[in-house]
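Peer 1: Please find one structure pasted underneath; my questions will follow.
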Amino acid sequence: GHTLYLGSLKSDVYFCIYEKDYEQYVKLGTPLEEADIINRFEIRLRNERAYYAVRDLLTYYDAEQTAFSIINQYVRFVDEEPDKRKMTGNSMTAGLGLLAITDRA
Numbered sequence: 067g068h069t070l071y072l073g074s075l076k077s078d079v080y081f082c083i084y085e086k087d088y089e090q091y092v093k094l095g096t097p098l099e100e101a102d103i104i105n106r107f108e109i110r111l112r113n114e115r116a117y118y119a120v121r122d123l124l125t126y127y128d129a130e131q132t133a134f135s136i137i138n139q140y141v142r143f144v145d146e147e148p149d150k151r152k153m154t155g156n157s158m159t160a161g162l163g164l165l166a167i168t169d170r171a
């Protein structure tokens with residue numbers, strides 16, 4: 067299956083998006099069409115970042131609010147502007163090491 071990492075794997079915060087259905091097929095033999103979850107988006111936190119996320123969860127008891135506040139702090143999703151000049155993925159991340167796509171078969 068394919069995995070997309072947003073952020074450095076050495077960072078205290080990064081995101082992992084992967085094909086959960088394919089993972090379950092490989093691990094358990096679950097047919098792809100029977101998978102409960104097709105794709106998974108994970109927030110991976112360490113050290114102080116993890117501490118503050120847990121503190122927020124214990125204060126507000128709202129996992130959705132906590133998750134989306136973390137995502138919105140680090141990732142920006144925008145609508146396409148058809149007339150705007152586009153940058154390619156390589157030119158946006160050149161030398162930064164922030165984006166990694168892996169293929170786990």
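The opening position of the sequence shown corresponds to residue 67 in my numbering, with each subsequent residue numbered one higher. Ideal placement from N, C-alpha and C gives every residue a C-beta, glycine not left out.
Once the 5 residues before and after E89 are set aside, which same chain residues still bring their CB inside 7 Å of it?
Peer 2: Counting only Cβ-Cβ distances below 7 Å, and skipping sequence neighbours, we find G67.
Peer 1: Between R115 and R106, what straight-line distance do the alpha-carbon atoms span, to the nearest angstrom?
Peer 2: If I take the Cα positions, the gap works out to 21 Å.
Peer 1: For Y117 and D149, I'd like the C-alpha separation in whole angstroms.
Peer 2: Rounded to the nearest angstrom, the two C-alpha atoms are 43 Å apart.
Peer 1: Roughly how many angstroms lie between the CA atoms of P97 and I83, to the nearest whole one?
Peer 2: Taking the straight line from one Cα to the other gives about 20 Å.
Peer 1: So, is I104 buried or exposed, given that buried needs 16 or more other C-beta atoms within 10 angstroms?
Peer 2: Burial call: exposed.
Peer 1: Which word fits D87, buried or exposed, when buried means at least 16 other C-beta atoms lie within 10 angstroms of its C-beta?
Peer 2: Classification for D87: buried.
Peer 1: Quick check on R106: does DSSP put it in helix, strand or coil?
Peer 2: If DSSP states are grouped into helix, strand and coil, R106 belongs with the strands.
Peer 1: Please list the segments of the beta strand (DSSP E) lying wholly inside the stretch 86–151, counting only runs of 3 or more residues, in order along the chain.
Peer 2: Runs of the beta strand (DSSP E) inside the stretch 86–151: 105–111.
Peer 1: For the beta strand (DSSP E) that contains L75, what are its first and last residues?
Peer 2: Run containing L75: none; DSSP gives neither H nor E here.
Peer 1: Under the rule that 16 or more other beta-carbon atoms within 10 Å means buried, what is E85, buried or exposed?
Peer 2: That one is buried.
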